[in-house]
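Structure record follows, encoded as structure tokens.
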Amino acid sequence: MQNYVFDGSFEGLLSAVFNWFERKPGQVKLQTEAAFQPDAFMPCLHIVNEREKADRVWKGLQANLSKATLRKFYCTYLSELEEGYTALFEFACYLFTEGAAIENNYGNPYVLALSKIAKKVEREKHRMEAFIRFQHNADGIYYCGIDPDFNVLPLIATHFKNRYADQQWIIYDLKRDYGLFYDLSTVEEINIDFNQRQKTTGIANAIVSEKEGLYAVLWKDYFKSTNIQARKNTKLHVQHVPKRYWKYLTEKQFEPD
Amino acid sequence: MSERLREKLNILADAAKYDVSCSSSGGNRKNDNKGLGNSHASGICHTYTEDGRCVSLLKILLTNHCIFDCAYCVSRKSNDITRAAFTVEEVVELTMNFYRRNYIEGLFLSSGIFKNADFTMERLLRVVKKLRLEERFNGYIHLKTIPGASEELIREAGMYADRMSINLEMPTESGLKLLAPEKTHQQVTQPLGFIKNQIVQFKEERKLIKSTPKFVSAGQSTQMVIGATPETDKEIMQTAALFYKDFSLKRVYYSGYIPISYDNRLPMIGSQPPLIRENRLYQTDWLMRFYGFHVNELLNDANPHLDIDIDPKLSWALRNLQHFPVDINVAAYKVILRIPGIGVTSAKKIVQARKFGKLRIDQLKKIGVAYNRAKYFIKCADSPYQLKDYQGSQIKSFIQAESQSKYLKYDTSQLILF
Ligand code: SF4
Chain A
1 MQNYVFDGSF EGLLSAVFNW FERKPGQVKL QTEAAFQPDA FMPCLHIVNE REKADRVWKG
61 LQANLSKATL RKFYCTYLSE LEEGYTALFE FACYLFTEGA AIENNYGNPY VLALSKIAKK
121 VEREKHRMEA FIRFQHNADG IYYCGIDPDF NVLPLIATHF KNRYADQQWI IYDLKRDYGL
181 FYDLSTVEEI NIDFNQRQKT TGIANAIVSE KEGLYAVLWK DYFKSTNIQA RKNTKLHVQH
241 VPKRYWKYLT EKQFEPD
Chain L
258 MSERLREKLN ILADAAKYDV SCSSSGGNRK NDNKGLGNSH ASGICHTYTE DGRCVSLLKI
318 LLTNHCIFDC AYCVSRKSND ITRAAFTVEE VVELTMNFYR RNYIEGLFLS SGIFKNADFT
378 MERLLRVVKK LRLEERFNGY IHLKTIPGAS EELIREAGMY ADRMSINLEM PTESGLKLLA
438 PEKTHQQVTQ PLGFIKNQIV QFKEERKLIK STPKFVSAGQ STQMVIGATP ETDKEIMQTA
498 ALFYKDFSLK RVYYSGYIPI SYDNRLPMIG SQPPLIRENR LYQTDWLMRF YGFHVNELLN
558 DANPHLDIDI DPKLSWALRN LQHFPVDINV AAYKVILRIP GIGVTSAKKI VQARKFGKLR
618 IDQLKKIGVA YNRAKYFIKC ADSPYQLKDY QGSQIKSFIQ AESQSKYLKY DTSQLILF
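As they're listed, the protein sequences go chains A and L. Those letters in the first sequence? Residues 1 to 257, by our numbering. Those letters in the second sequence? Residues 258 to 675, by our numbering.
Written as structure tokens, this is what we have:
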């Protein structure tokens, strides 16, 4: 048994897979630098990122996996979970060892893990598509700050680009400190210097446009009006809209009337 | 100005909230005019009400003025309530501004009937036209067809709406007669039939001429109010099955009646809406649409009502033990689908996974099978050597005992109704 330590990047992960095939060291334990605890009794290899080798592994995955499984692979990576990295590594090694269609063998723990973790990530992607609430700022840009559990910005970019093609918008991941900016033609990654702006998920921002207050109020009113008291079911409500997302939601912000 | 708008929105959203036939799924309108919005086949629920229903569309009435007096409806003429009406511009502006902020997937527009059907339908049409043509809005639009409106208006509206619906309201003609003497099922079937034929016709034309516009591309749906009149579940689901067949409906919605009137033809104000029954009807609907069940298998003269304490699939299995146990490792997909505790996703995974070797209990659990429920109905690689020959009633009590703790966690206030 041996430790493999990589830097947490996609390239690093793929490089680790390549390395394993070059050296065939038997069973290894893959960890990120951030999580790694040196162990006196276990040898440890720091993976060097190598673009070319990583590319070859990625091509290999593309050639052997269906589109759906490739997507699961990528989503699992975006989970940023240690057990996700392990599952990806083991999955890739299993795939290339067998050299055959193993992607649907749900009896294998890593195939199953990929499927399960990817599902969680997809769920959060879907939730972000649902729970983002833009605020129309005075500079004409629709803005929203978020802090998702998983790194889902790369997954939601296309959705918002297609949907809001005629308005400028920014979606900012406050936790990972980067965002997406759409300028009416392309989506770019940006970093905002928050010394100027208040770091916020978007609500109660001082620089909102004039009409913004009205629509927020109308939306809150609407949310209240649609409720049917006789059917109230708070448990179900919280199941659908977990409390950790409430801070994004205009309809959940109540000021004193 | 904005105060009046607030007031209208409160009144007209409140009056629209009882209509449940509102989901944004099934749209596929691409944003290829560099305008605003698109709609997905799956739809997005942007938020949920405190009763747990999804809010994906701005669901409002154009007006709650109405010349009719249907007993089950808040907008009925004889009801003493504040009336309001939106202008076409107001509806358009609300929709656009809510959509731009990602509050909603689109608009669900219904209306009370002012003056007459055509006058009302014509205004609904103006709203959709303005949204599509002037605002270049590609989000989802669901229009309620006004019963009695002329075919030309319905036809034109169908060019801009993604879905149209017209509510059956009561599952049987006699039920409808009792509560809405001015209405008949025929008033509903006629436009449903017309729209269905138009959909077919436009599809045919699109095959020949690519530029033919789509017509009601997400199909049509209807809604039945449950529990206001004394229909059996069998009558309700047979009506549903018939409507699915005759009008190729995308969905039938079942709305548990919420008492809103002191009318003595109806359940008393304060009595609880039949939420569990409504849920069982939806489950039955799913079994018909996705699990290959025929309505007569689930409901028939011997079983005119769905069980309240167990779901319809388990109920069917217990009445049909001769089909079990099913061998997971050899049975056809369709047969596996009928096993209690196995849903569409796990059934698909089973069929994939067993190619790699016979499946064992622990693998089934990992795949997502509710094994404690399924175990009475299946055989797999390491099933205990001999399964005891249990009676349906015994299995039911085992399963209920197993899931008892789970049920106790639910709000008991909903369970004591029946
Ligand atoms: S016609 Fe429609 S809006 Fe008017 S009372 Fe009947 S159900 Fe209500």
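Backbone N, C-alpha and C define an ideal beta-carbon position, used for all residues, glycine too.
Chain L contact for residue i (CB, 8 Å cutoff)
| i | result |
| --- | --- |
| Glu-251/A | yes |
| Leu-218/A | yes |
| Phe-91/A | no |
| Asp-166/A | yes |
| Ser-225/A | yes |
| Ala-130/A | yes |
| Phe-134/A | yes |
| Asp-257/A | Unreliable placement is indicated for Asp-257/A, whose pLDDT of 42 sits below 50; the coordinate value is still reported in the next sentence. No, no contact with chain L. |
| Leu-214/A | yes |
| Leu-70/A | no |
| Asn-137/A | no |
| His-237/A | yes |
| Thr-186/A | no |
| Leu-61/A | no |
| Thr-201/A | In this prediction, Thr-201/A scores a pLDDT of 49, lower than 50, which makes its location untrustworthy; the coordinate-derived value is nonetheless stated afterwards. For Thr-201/A, the answer is no, since every Cβ of chain L falls outside 8 Å of its Cβ. |
CB-CB length for residue i against residue j, believed under 8 Å
| i | j | result |
| --- | --- | --- |
| Ile-585/L | Ile-635/L | 5 Å |
| His-399/L | Ser-422/L | 7 Å |
| Ser-296/L | Asn-359/L | In fact, because the Cβ distance is near 13 Å, the residues do not count as touching under 8 Å. |
| Ile-259/A | Tyr-248/A | Here chain A has residues from 1 to 257 only, and residue 259/A is not among them. |
| Ile-268/L | Thr-339/L | 6 Å |
| Lys-316/L | Ala-272/L | That pair is no contact at about 10 Å. |
| Thr-486/L | Leu-556/L | With 8 Å as the limit, Thr-486/L and Leu-556/L do not qualify as a contact, their Cβ atoms being about 17 Å apart. |
| Leu-218/A | Arg-263/L | 6 Å |
| Ser-66/A | Glu-103/A | 6 Å |
Pairwise C-alpha distance: residue j and residue i
| i | j | result |
| --- | --- | --- |
| Leu-319/L | Ile-466/L | 36 Å |
| Cys-93/A | Leu-153/A | 28 Å |
| Ile-483/L | Lys-116/A | 38 Å |
| Lys-632/L | Gly-60/A | 40 Å |
| Lys-412/L | Arg-357/L | A small fix is needed here, since residue 412/L is Arg in this sequence, not Lys. Cα-Cα distance, rounded: 29 Å. |
| Ile-132/A | Asn-288/L | 20 Å |
| Ser-9/A | Leu-499/L | 56 Å |
| Tyr-519/L | Ala-437/L | 15 Å |
| His-303/L | Thr-226/A | 13 Å |
| Tyr-539/L | Phe-550/L | 13 Å |
| Asn-454/L | Glu-408/L | 12 Å |
| Asn-577/L | Leu-571/L | 10 Å |
| Gln-444/L | Glu-189/A | 55 Å |
| Lys-622/L | Ile-652/L | 19 Å |
| Ile-171/A | Phe-194/A | 14 Å |
Three-way DSSP call (helix, strand, coil) for residue i in this model
| i | result |
| --- | --- |
| Thr-97/A | helix |
| Thr-32/A | strand |
| Ser-368/L | coil |
| Tyr-511/L | strand |
| Ile-483/L | strand |
| Gln-210/A | The question names Gln, but residue 210/A is Glu in the sequence shown. Glu-210/A: coil per DSSP, three-state reduction. |
| Glu-362/L | coil |
| Lys-623/L | helix |
| Ser-478/L | strand |
| Thr-377/L | helix |
| Val-238/A | helix |
| Thr-201/A | Reliability of the predicted coordinates at Thr-201/A is poor, the pLDDT of 49 falling under 50, and the value obtained from them is presented with this limitation in mind. Thr-201/A falls in the coil class under three-state DSSP. |
| Asn-104/A | coil |
| Cys-75/A | helix |
| Ile-141/A | coil |
| Asn-259/L | Residue identity check: residue 259/L is Ser in the sequence provided, not Asn. Residue state, collapsed to three classes: helix. |
Any chain A beta carbon closer than 8 Å to residue i
| i | result |
| --- | --- |
| His-399/L | no |
| Asn-586/L | no |
| Leu-366/L | no |
| Asn-536/L | no |
| Pro-530/L | yes |
| Asn-424/L | no |
| Gln-480/L | no |
Q: Tell me, please, whether the segment 451 to 463 of chain L touches the segment 523 to 539 of chain L by the rule of three or more beta-carbon pairs shorter than 8 Å.
A: no
(Q) Check whether the segment 171 to 190 of chain A and the segment 305 to 312 of chain L are in contact - that is, three or more C-beta pairs closer than 8 Å. (A) In short, these stretches do not touch, since the Cβ pair count stays below three.
Q. Is the segment 1 to 8 of chain A in contact with the segment 43 to 52 of chain A, if contact means three or more CB pairs nearer than 8 Å?
A. yes
Q: Evaluate the contact criterion for the segment 372 to 386 of chain L versus the segment 235 to 253 of chain A: three or more CB pairs, one atom per stretch, below 8 Å.
A: no
Q) Does the segment 106 to 115 of chain A come close enough to the segment 608 to 628 of chain L that 3 or more CB-CB pairs lie under 8 Å? A) Enough Cβ pairs lie closer than 8 Å, so yes.
(Q) Taking contact to mean 3 or more Cβ pairs, one atom from each stretch, closer than 8 Å, check whether the segment 376 to 391 of chain L and the segment 318 to 337 of chain L are in contact. (A) yes
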